[in-house]
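Trainee: Take a look at this one; I'll ask things after.
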Amino acid sequence: MKRVLIIDTGGTISQVMREIGTLVPGEADIVTLVPRLKEIADIDYVLIDRVDSTDMTQNIRVKIVEEIEKNHNDYHGFVITHGTDTMADTACALNYMVQNLGKPIVLTGAQLPIFAPGPDGLNNLYYSVKTATEDIGEVVICFGDRILRGNRSNKYNVEGFNAFDSPREPYIGNLGVNIRLNENRIKRFKISNPIFFKTMCSGIVVHYQVSGGCCDTLKYYIDNPEIKGVIIVGFGTGNVQSYLLNSIEKLTQSGKKVVIVTACSKGSTKLGQYQTGLRVKNAGALEAKDLTIQATIQKMMYALGRDPENFQDLFYQPIGRDMD
Ligand code: ASN
Numbered sequence: 001m002k003r004v005l006i007i008d009t010g011g012t013i014s015q016v017m018r019e020i021g022t023l024v025p026g027e028a029d030i031v032t033l034v035p036r037l038k039e040i041a042d043i044d045y046v047l048i049d050r051v052d053s054t055d056m057t058q059n060i061r062v063k064i065v066e067e068i069e070k071n072h073n074d075y076h077g078f079v080i081t082h083g084t085d086t087m088a089d090t091a092c093a094l095n096y097m098v099q100n101l102g103k104p105i106v107l108t109g110a111q112l113p114i115f116a117p118g119p120d121g122l123n124n125l126y127y128s129v130k131t132a133t134e135d136i137g138e139v140v141i142c143f144g145d146r147i148l149r150g151n152r153s154n155k156y157n158v159e160g161f162n163a164f165d166s167p168r169e170p171y172i173g174n175l176g177v178n179i180r181l182n183e184n185r186i187k188r189f190k191i192s193n194p195i196f197f198k199t200m201c202s203g204i205v206v207h208y209q210v211s212g213g214c215c216d217t218l219k220y221y222i223d224n225p226e227i228k229g230v231i232i233v234g235f236g237t238g239n240v241q242s243y244l245l246n247s248i249e250k251l252t253q254s255g256k257k258v259v260i261v262t263a264c265s266k267g268s269t270k271l272g273q274y275q276t277g278l279r280v281k282n283a284g285a286l287e288a289k290d291l292t293i294q295a296t297i298q299k300m301m302y303a304l305g306r307d308p309e310n311f312q313d314l315f316y317q318p319i320g321r322d323m324d
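Here the sequence shown is numbered in the numbering used here, starting from 1 and rising by one per residue.
Set out below in structure tokens:
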């Protein structure tokens, strides 16, 4: 029988309702609530934390990586239960922290606590364990009736049972009476040579442009030693407002990395297309091309944590088909 390790980090799936109507971390043993999991695979379970994923940290992510590192030869796949709010961020982080595993790392969770009437978490957990035994060699999110490339996904629906989408990448698979896997997936490796990377740089900020605004908050980052990288969410192809340019130039001159990502959920930055993009490139900023915002954050953390001198090369090296 195949073996699957479930790594629990918390999220709504195991939360309970307080009388006042607020969900808080609970004590649920989610695996025993889905007894039929044993018919799919031999299951082992480790509890790492019970956080609402709002409070997900790089330390918890390192613990996930350590579990995978310790056990990677002994299991066919890994399932990580996680809150939905930052599940896509963790999927991206794991794509960079665990490279060349060649086995499925499946993230799942729920919109409703597993004790609520009609909980989606029962199905999500069941199908995630199944997915972890399949011919997949990458980090995926398994949620609702979709299997999605983790590093291309985002939570787009607060309520729906299909909470995730990946607008830049067709689904890796669809769940129904059968699991149907698509050819765009990365397949399981026969022989793998994984690399585990645990020193992500947390000193990243994201600046969202305010159309019609006038406050140059970027200037506060220039002399801040905590901040190593700044992501600016560009309009369209990566266009950035004139009043930010002076600070961007100072940021890049002071050695901080500045990356422009597109605010759009499809397509790529093209900083040369408009003058409003070219001038930010001339100020020393890089562009995230078609990386999602979540992937840009985690890839910056990875590249800065790994080797800031080689930031540009590391940032542009595709990992787990995160960019075209
Ligand atoms: N706030 C919750 C979390 O991310 C949302 C959920 O899991 N549905 O932990």
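Idealized CB from N, CA, C, for every residue including glycine.
This one's a predicted model, so the numbers in the text were calculated from it and none came from an experiment.
Which complete beta strand (DSSP E) runs does the region 117-169 hold, if anything under 3 residues is left out?
Mentor: Here the runs fully enclosed are 139-143 and 146-149.
Trainee: For the ligand ASN, is there any heavy atom lying closer than 7 Å to the beta carbon of A303?
Mentor: The answer is no for A303.
Trainee: Nearest by alpha-carbon distance to N100: which of L181, I191 and L245 is it?
Mentor: Residue I191 is the option with its Cα nearest to N100.
Trainee: Less than 8 Å separating the beta-carbons of M323 and L278?
Mentor: Contact flag unset, no.
Trainee: Say the cut is 7 Å; is the CB of A91 nearer than that to a heavy atom of the ligand ASN?
Mentor: No.
Trainee: Does the pairing of the region 106-126 with the region 14-29 give three or more beta-carbon distances under 8 Å?
Mentor: They touch, by the three-pair rule.
Trainee: Assuming T276 and T269 are in contact, meaning their beta carbons sit under 8 Å apart, how far apart are those beta carbons, in whole angstroms?
Mentor: No, T276 and T269 are not in contact; Cβ-Cβ is about 12 Å, not under 8 Å.
Trainee: Restricting to Cα atoms, I'd like to know which of I68, Y126, F311 and Q58 is closest to V34.
Mentor: The residue with the shortest Cα to Cα distance from V34 is Y126.
Trainee: List the endpoints of the continuous alpha helix (DSSP H) containing R61.
Mentor: Q58 to N71 is the extent of the alpha helix (DSSP H) around R61.
Trainee: Look at the Cβ atom of Q111, then the Cβ atom of A163, and state whether they are nearer than 8 Å.
Mentor: For Q111 and A163, yes; Cβs fall inside 8 Å.
Trainee: So what's P308 in DSSP terms, helix, strand or just coil?
Mentor: It is helical.
Trainee: Just verifying my parser: in three-state terms, what is the DSSP assignment at Q253?
Mentor: Helix, per DSSP.
Trainee: Is the beta carbon of V230 sitting closer than 8 Å to the one on L251?
Mentor: Closer than 8 Å, so yes.
Trainee: Could you say if the region 165-178 and the region 139-154 meet the contact criterion of at least three C-beta pairs nearer than 8 Å?
Mentor: With a cut-off of 8 Å, the region 139-154 and the region 165-178 count as touching, because enough Cβ pairs lie within range.
Trainee: If you count every other CB in all the chains shown that lies within 10 Å of the CB of Y208, and 16 or more means buried, which is it?
Mentor: Y208 is exposed by the Cβ-count criterion.
Trainee: Going by beta carbon distance, what residues of the same chain come within less than 7 Å of Q294, once the five residues before and after it are set aside?
Mentor: Once the five neighbours on either side are set aside, the close Cβ partners of Q294 are A88, D89, C92 and N154.
Trainee: Provide the residue(s) that pair with L5 in DSSP beta bridges, ordered along the chain.
Mentor: According to DSSP, L5 bridges with D44 and F78.
Trainee: Taking 7 Å as the cut-off, is the beta-carbon of T12 closer than that to any non-hydrogen atom of the ligand ASN?
Mentor: Yes, the beta carbon of T12 sits closer than 7 Å to at least one heavy atom of the ligand ASN.
Trainee: Check the DSSP bridge columns for Q15 and list the partner residues they point to.
Mentor: P25.
Trainee: Quick check on the DSSP output: what are the complete beta strand (DSSP E) runs of length 3 or more inside the region 194-266, in order along the chain?
Mentor: Those beta strand (DSSP E) runs which fall completely within the region 194-266 and span 3+ residues are 204-208, 229-234 and 257-262.
Trainee: Could you give the first and the last residue of the continuous alpha helix (DSSP H) run that contains L278?
Mentor: Note, L278: alpha helix (DSSP H), Q275 to N282.
Trainee: With a threshold of 8 Å on Cβ separation, who are the neighbours of I204 within its own chain once the five nearest residues in sequence on each side are excluded?
Mentor: The residues are I227, K228, G229, V230, I231, I297, M300, M301 and L304.
Trainee: Leaving out five residues on either side along the sequence, give the residues of the same chain with a beta carbon under 8 Å from the beta carbon of V46.
Mentor: Cβ within range, chain order: L5, I6, I7, D8 and E67.
Trainee: What is the DSSP secondary structure of I319, reduced to helix, strand or coil?
Mentor: It is coil, neither helix nor strand.
Trainee: If I follow the unbroken beta strand (DSSP E) through T90, where does it start and stop?
Mentor: Careful: T90 lies outside any beta strand (DSSP E), inside the alpha helix (DSSP H) at M87 to M97.
Trainee: What would DSSP say about E39, mapped onto helix, strand or coil?
Mentor: Here E39 sits in helix by DSSP.
Trainee: Are G236 and L271 touching if we call contact CB-CB under 8 Å?
Mentor: Their beta carbons are not under 8 Å apart, which means G236 does not touch L271 by this criterion.
Trainee: Is Q111 near the ligand ASN - that is, is its Cβ less than 7 Å away from at least one heavy atom of it?
Mentor: At least one heavy atom of the ligand ASN is nearer than 7 Å to the Cβ of Q111, so yes.
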